[in-house]
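What follows is a set of notes on a single structure, which appears directly below.
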Amino acid sequence: MAGTNNINSNGNDPFEEFEFRPINEGLGFQKRQRSTSAASTMGMGANVDSGFEVNPTRNTPRSSPSFSAPLPRTSTPRPNTAPVTPKVPSFEIPTIEDDSIAKAQTAVNEILKNLNQKRHLDFLNETEKQKTLLKKSKPFFFAATLDAMLITAMFLLSMIAMLSITKVDLLMNLGHANTSMSVFAATGGLFLSIMFIYMVTTRAFAGFTPGEWAFDQQVGDESHQKGLSYIPRVVARTLLVTATGFILLPVLSYLFNKDIAGQLTGTPMFRKPNG
Numbered sequence: 001m002a003g004t005n006n007i008n009s010n011g012n013d014p015f016e017e018f019e020f021r022p023i024n025e026g027l028g029f030q031k032r033q034r035s036t037s038a039a040s041t042m043g044m045g046a047n048v049d050s051g052f053e054v055n056p057t058r059n060t061p062r063s064s065p066s067f068s069a070p071l072p073r074t075s076t077p078r079p080n081t082a083p084v085t086p087k088v089p090s091f092e093i094p095t096i097e098d099d100s101i102a103k104a105q106t107a108v109n110e111i112l113k114n115l116n117q118k119r120h121l122d123f124l125n126e127t128e129k130q131k132t133l134l135k136k137s138k139p140f141f142f143a144a145t146l147d148a149m150l151i152t153a154m155f156l157l158s159m160i161a162m163l164s165i166t167k168v169d170l171l172m173n174l175g176h177a178n179t180s181m182s183v184f185a186a187t188g189g190l191f192l193s194i195m196f197i198y199m200v201t202t203r204a205f206a207g208f209t210p211g212e213w214a215f216d217q218q219v220g221d222e223s224h225q226k227g228l229s230y231i232p233r234v235v236a237r238t239l240l241v242t243a244t245g246f247i248l249l250p251v252l253s254y255l256f257n258k259d260i261a262g263q264l265t266g267t268p269m270f271r272k273p274n275g
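Numbered per full-length UniProt numbering, the sequence shown finishes at 275, counting up by one with no gaps.
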């Protein structure tokens with residue numbers, strides 16, 4: 001046994017080189033080594049003198065400030081610091097020294113004024129010429145025929161409307177002697193009323209009937225038509241022609257070549273020269 005122990009002590013013991021090492025750094029062995037190395041590093045750096053640190057014992061030379069006489073200042077003008085407004089480019093309007101434009105404008109105004117005056121004078125001359133061109137005329141047979149046709153058409157339309165409203169048998173009433181006179185009187189009154197309204201209305205508002213207009217005739221000239229007594233005179237002319245039977249005065253006027261009804265009532269008949 002003793003020999004065996006000696007052999008083990010003298011020989012290489014396999015357990016002598018065995019060392020416990022941590023599995024990871026979390027057991028604390030590595031922290032000790034780092035703290036030990038950091039302390040040694042700080043101890044080494046404590047003896048090093050930094051150039052950026054201020055050493056109070058170091059002797060630094062003091063420099064005395066040197067004063068020199070001020071230089072004479074030159075009186076230089078200060079620059080003008082007023083704000084400069086940018087110039088807006090403007091169109092240069094050419095100016096004419098003489099008054100040619102004013103003269104041209106005056107000439108144009110004179111021409112326009114003369115044209116207006118000439119137009120007004122032409123209108124007045126045309127009106128006067130038309131007045132002088134109108135001359136007295138007698139009633140035309142064809143104009144009276146056209147008016148008679150229009151009056152008859154209006155009378156028939158009124159008769160149809162009246163018979164359809166009243167439901168009266170015209171032929172049966174005309175066959176009885178007792179009622180025939182009253183029917184004739186009513187029919188004649190309707191015809192006269194339509195004729196009177198036709199003649200007075202057309203001449204009062206237009207100055208002529210459609211038949212007279214077709215042959216360039218009119219009752220009275222402009223001075224007659226503007227008068228206040230024109231309509232009453234037209235009414236008197238119509239009543240006079242109606243009272244004489246519509247035929248007597250027109251026939252006499254045609255024979256004597258003058259408007260007898262117009263002379264009696266102050267409403268003469270006029271026509272244009274080309275009429």
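Cβ atoms here follow ideal geometry from the backbone N, Cα and C, with glycine treated the same way.
Segment contact, 8 Å Cβ cut-off, at least three pairs: the region 175 to 192 with the region 220 to 237: In short, these stretches do not touch, since the Cβ pair count stays below three.
Segment contact flag, the region 262 to 275 with the region 132 to 140, C-beta cutoff 8 Å, min 3 pairs: Enough Cβ pairs lie closer than 8 Å, so yes.
F246, DSSP secondary structure in three states: F246: coil per DSSP, three-state reduction.
Proximal residues to L252 (C-beta, below 6 Å), its chain only, five neighbours per side dropped: Closer than 6 Å at the Cβ level, and outside the excluded window around L252, lie I260.
Residue burial classification, Q218 (beta-carbon count within 10 angstroms, cutoff 16): A buried status is given to Q218, since no fewer than 16 other beta-carbon atoms sit within 10 Å of its beta-carbon.
Three-state class that DSSP yields for G188 in the structure shown: Helix at G188.
Straight-line gap, L146 to F208 (C-alpha atoms, nearest Å): C-alpha separation (whole angstroms): 13 Å.
Q263 - partner residues in DSSP beta bridges: When DSSP reads this structure, Q263 sits in no beta bridge, so it has no partner.
Whole-number beta carbon distance between F142 and F215, since they are thought to touch under 8 Å: With a Cβ gap of about 7 Å, F215 and F142 count as contacting.
Straight-line gap, L156 to V241 (C-alpha atoms, nearest Å): Distance between the alpha carbons of L156 and V241: 22 Å.
Alpha carbon of M199 to alpha carbon of T106, nearest angstrom: Taking the straight line joining both Cα atoms gives about 56 Å.
Supposed contact pair S158 and I194 - C-beta distance, whole angstroms, cut 8 Å: The beta-carbon distance between I194 and S158, rounded to whole angstroms, is 6 Å. This is short enough to meet the 8 Å contact definition.
Where F270 sits in the DSSP three-state scheme: DSSP places F270 in the strand class (E or B) of the three-state scheme.
Buried or exposed (CB count within 10 angstroms, at least 16 for buried), T166: Classification for T166: exposed.
Supposed contact pair P210 and A144 - C-beta distance, whole angstroms, cut 8 Å: The pair is not a contact, with the Cβ atoms about 12 Å apart (cut-off 8 Å).
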